[in-house]
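Which chain is which? The protein sequence lines are R and D, in order. Letter by letter, the first sequence follows residues 1 to 290 in the working numbering. Letter by letter, the second sequence follows residues 1001 to 1339 in the working numbering. Take a look at the structure set out below.
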Amino acid sequence: MNTAFATLLSLVIDGVAYGMMLFLISVGLTITLGVMRVVNLAHSAFAMIGGYLALWSMQHAGLGFFVAVPIAVIGTMLIGALLERTLYRWVYATSGLGQMLMTIGLAFVITALFKNLGGTQLQSVPIPPSLQGNWNVGPLSLSVYRAFLVGASAAVGLSLWLGLERTSFGAKLRASVDNPRIARCVGIDVPLVFSVTFAIGCGLAALGGALGSQFLPIEPYYGLKYLVHVLIVVAVGGLGSLRGSLYAGLLLGVIDTLGRYYVPALGAFVIYLAVLAILLIRPHGLVPRS
Amino acid sequence: MNTTHISAMAGALRRQRFTAIDAVIAAALVATFFFAELYLALAVSVLIMIILALSLDLAQGYAGIETLGHAAFFGSGAYAAGLYALHISTEPFSGLVVGAAAAAIVGALTGIAVLRTQGLTQIMLTLASATLLLELANVAKKVTMGDDGLTGYSIAPLLGRFEFDIQGRTAYVYAAVVLMLVYIFAKYFVNSPLGLTAQGIRENPVRMRMLGVRVYARLLAIYTISAAVAGIAGALSAQVNRIVGLDALGFTLSANVLVMLALGGTGRLYGAFIGAVLFMLLSDRAAAVDPTNWLAALGVLLILAVRFAPDGLMGLIERFAFKSRREAAKSPNHRSQAR
């Protein structure tokens, strides 16, 4: 195997790992957007909350990685559920502009709050020793953590799909989305379904924020800085489509990684060009809603 | 003040004819020049933001085009005017025209993509095109000087006579005159057939299509005009500040101008004035005191505004005025019918 090909292969693997992380962070938004039709610009702020909660429970409470991350996810879900019950309820009926403004206002508040609490430095959640190091396969070197990330995202994607398609909650959820009035008539507690769904979306964001901090370091401006990444994955994938988010995450992750390596002069230019091109060809995303 | 007067005012706010309020605005512009001499630099940036907010109002408030990338046009206008001053001519008025033209071209080109979509995809496309331009300006360091910002150009005296002075007197008068011209244009525009169809499209694009309006072509025209106005704001900023930085194309600017317009009230030209003045003055004070908590305060302000004043401050004023009129209609001799 020649070196150019080996380089390409390891770049693609890196790109896939990055793409899976993008998928992990944005899939929560896909769900809330697809289900509740709320343009949630505070979504990546929830990812940041998850990152901070994981970081702090490791630093201050001395917990291990595999305990801290679930705690962060659950904590963020509770915060999300609380905000859904109070603030988000206000904007279900308003226009997209109102939702955008309310949620960006929320992102501002969260940003300022964490800047006061945690300072401005860039931090990342420490990786446990069991996930450090590399596997060497011939000329290829594969980071264990990246493999873990790909595995974790794949597991999340699979369980989401199963949860939506195979469980009774999934059925209730789909019913609430397709026709809230009839769903209410057959005895489904639609507001409760929405609350739970929103909490799950926030939990997924938190998981992405905590696990992805090696790629996107945790900082107070995280929620505003990486918002664009999350939004483009969702838009390119097709609003509310799980499969679309997966494809979009992978595609954009690989394009971004390859672009930065082969045409470094263009930097971040490549990914936005790709977004523009994809949305021009398919205005409703890779997997449009039927 | 009697209630008929208030309701007449509310009607005037909606219909966008020239009224006494416009005289108040003009008077305020003049008064600022004489009484706020120490703050003229801040006043100039407020005027520039009002122009940008007016431009956003044309696209978003009147035509319902959802955008989170209006900085693309501000930035293109700014860079075009800066490069024009650096390489071709330092004459300011032609610089404004160049800035407007450059932004109009960017508007027409991106509009072809943006206006085919709606909702979140539309927001994403505007954001993607603005970020694309930002990265382009960042990458093309030879032309734009990247992070350092485009500097080193001078601007010739206005009309060949009035130098741009340190206190910003000339800059202020220049910006105020440009603002008034843009404003007069905007008033005529929103009452023109094109502006009226824009409002029709905003309310119901399908109905407008049924009526035989070529919706896409109209929206493209409006988007291009809005871009040109934003380009004027950018060019003005480039000429007055003698520097164009990457932040002229940044997400923060796009978000800020959206916030200004939303606080003031969309779809009402006065909203751009109120929102920009309020936002700029508050953030100037707050940034001096504590920028972090200003962000939190701004966030709370936005959340409360969406909840309690969805149409912005202008909407609140109108609601108040209409309520007074309704109460007037409920005066004793009408009450029996009203109940």
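Glycine included, each C-beta is placed from N, C-alpha and C at the ideal position.
- Using a Cβ-Cβ cut-off of 7 Å, T1121 (chain D) counts as an interface residue toward chain R, since at least one Cβ of chain R sits closer than that to its own.
- Spatial neighbours of G1149 (chain D) in its own chain (CB-CB distance under 8 Å, excluding positions within 5 residues in sequence) are listed in chain order as I1243, V1244, G1245 and L1246.
- Residues of the segment 239-270 of chain R with a C-beta less than 7 Å from any C-beta of chain D: L239, A265, L266, G267, A268 and F269, listed in chain order.
- Here DSSP, grouped into helix, strand and coil, assigns S153 (chain R) to helix.
- For A268 (chain R), the closest of D:Q1060, D:D1022, D:M1145 and D:A1137 by C-alpha to C-alpha distance is D:A1137.
- For the pair A68 (chain R) and S57 (chain R), the CB atoms are nearer than the 7 Å cut-off.
- Of the candidates D:G1200, D:L1219, D:L1220 and D:A1221, D:G1200 places its Cα closest to the Cα of L1211 (chain D).
- Those residues of the segment 109-129 of chain R placed with their C-beta closer than 7 Å to a C-beta in chain D are V109, T111, A112, L113, K115 and N116, ordered along the chain.
- Annotation: V1277 (chain D) is outside any beta strand (DSSP E); the continuous alpha helix (DSSP H) that includes it extends over L1269 to V1289.
- Taken through DSSP and simplified to helix, strand or coil, V1173 (chain D) comes out as helix.
- If you ignore the 5 residues before and after F1162 (chain D), its C-beta comes within less than 7 Å of the C-beta of T1170, all in its own chain and listed in chain order.
- For I218 (chain R), DSSP records a beta bridge to R:Q123.
- Ranking R:G203, R:F23 and R:F65 by CA distance to the CA of P129 (chain R) puts R:F65 first.
- Assigned with DSSP and collapsed to three states, N116 (chain R) falls in helix.
- As DSSP reads the structure, F1162 (chain D) sits in a beta bridge with D:L1158.
- In this structure, the alpha-carbon of S168 (chain R) lies about 11 Å from that of V193 (chain R).
- With fewer than 16 other CB atoms across the displayed protein chains lying within 10 angstroms of its CB, V1289 (chain D) is exposed.
- Classified as exposed, W135 (chain R) has fewer than 16 neighbouring CB atoms from the shown chains inside 10 Å of its CB.
- Scanning chain D for C-beta atoms nearer than 7 Å to the C-beta of Y52 (chain R) yields nothing, as the closest lies near 16 Å away.
- DSSP places L1127 (chain D) in the uninterrupted alpha helix (DSSP H) bounded by G1119 to V1139.
- Within the same chain, Cβ atoms closer than 7 Å to the Cβ of G208 (chain R) are found at M21, L24, I25 and A47, the five residues on either side in sequence being excluded.
- For M1314 (chain D) and G1264 (chain D), the gap between their C-alpha atoms comes out near 6 Å.
- With contact defined as three or more Cβ pairs closer than 8 Å, the segment 250-264 of chain R and the segment 1105-1116 of chain D are not in contact.
- Here the alpha carbons of Y1079 (chain D) and T1151 (chain D) stand approximately 10 Å from one another.
- A Cβ of chain D is located within less than 7 Å of the beta carbon of V39 (chain R).
- Separation of the CB atoms of A1130 (chain D) and L1249 (chain D) is rounded to 6 Å, and the pair is thereby assigned contact status at 8 Å.
- Pairing I271 (chain R) with M1208 (chain D), the inter-Cα distance amounts to about 36 Å.
- Here the C-alpha atom of P191 (chain R) lies approximately 45 Å from the C-alpha atom of A1233 (chain D).
- By the CB criterion at 7 Å, V1177 (chain D) and M102 (chain R) fall outside the cutoff.
- By the neighbour-count criterion, in which 16 or more other beta carbons inside 10 Å mark a residue as buried, K1141 (chain D) falls on the exposed side.
- The alpha-carbon separation between F148 (chain R) and A54 (chain R) amounts to approximately 17 Å.
- Taking a Cβ-Cβ threshold of 7 Å, the residues of chain R close to E1066 (chain D) are G96 and L97, in chain order.
- Per DSSP, N1256 (chain D) is one residue of the alpha helix (DSSP H) stretching across F1251 to G1264.
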